[in-house]
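Asks: According to this note's numbering, the stretch in the sequence shown is residues 9 to 86, in order. Even for Gly, the Cβ is constructed at its ideal location relative to N, Cα and C.
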Amino acid sequence: MPRKKTYHDIDPEEAMQALSFLKNEPNFKKYIEMMEALREEVIRQLQIKEVVDSTNRHYMLCGKLEAIDEELDTFYKL
Numbered sequence: 009m010p011r012k013k014t015y016h017d018i019d020p021e022e023a024m025q026a027l028s029f030l031k032n033e034p035n036f037k038k039y040i041e042m043m044e045a046l047r048e049e050v051i052r053q054l055q056i057k058e059v060v061d062s063t064n065r066h067y068m069l070c071g072k073l074e075a076i077d078e079e080l081d082t083f084y085k086l
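(1) State the Cα-Cα distance for the pair S62 and C70, rounded to the nearest angstrom.
(2) Have a look at M68 and F29 and give me their C-alpha separation to the nearest angstrom.
(3) Can you give me the C-alpha to C-alpha distance between I56 and E74, rounded to a whole angstrom?
(4) Which first and last residues belong to the alpha helix (DSSP H) in which D61 is found?
(5) Measuring straight from C-alpha to C-alpha, what distance separates N1 and M24?
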């Protein structure tokens, strides 16, 4: 399979291996806790009337939530 042209060379397998080494590190666990708390905060913000009424803010926060979820999914798969 041809590789995508990128501006940097990062081996995805090497990056995942590095993350898996960090998996049990206390500071990394704290980072995961922080990301989970941020996720909960975004979910709370999505329920605020002003956000519900503003299409742009709603879509922005939905995108933010999706990005956080994708990052957390990567960490949970380690």
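Replies: Checking against the coordinates, here is how it stands:
(1) What you label residue 62 is simply residue 54 of the sequence shown in a count that begins at 1. What you label residue 70 is simply residue 62 of the sequence shown in a count that begins at 1. Roughly 12 Å separates the two Cα atoms.
(2) On the sequence shown, position 60 is the one that residue 68 refers to. On the sequence shown, position 21 is the one that residue 29 refers to. Distance between the alpha carbons of M68 and F29: 33 Å.
(3) For this step, residue 56 is matched to residue 48 along the sequence shown. For this step, residue 74 is matched to residue 66 along the sequence shown. Answer to the nearest angstrom: the Cα atoms are 18 Å apart.
(4) As a first step, residue 61 is located in the sequence shown; it is residue number 53 there, counting from the start. That run of the alpha helix (DSSP H) goes K57 to D61.
(5) Coverage of the chain is limited to positions 9 through 86, which leaves residue 1 absent and any answer about it impossible.
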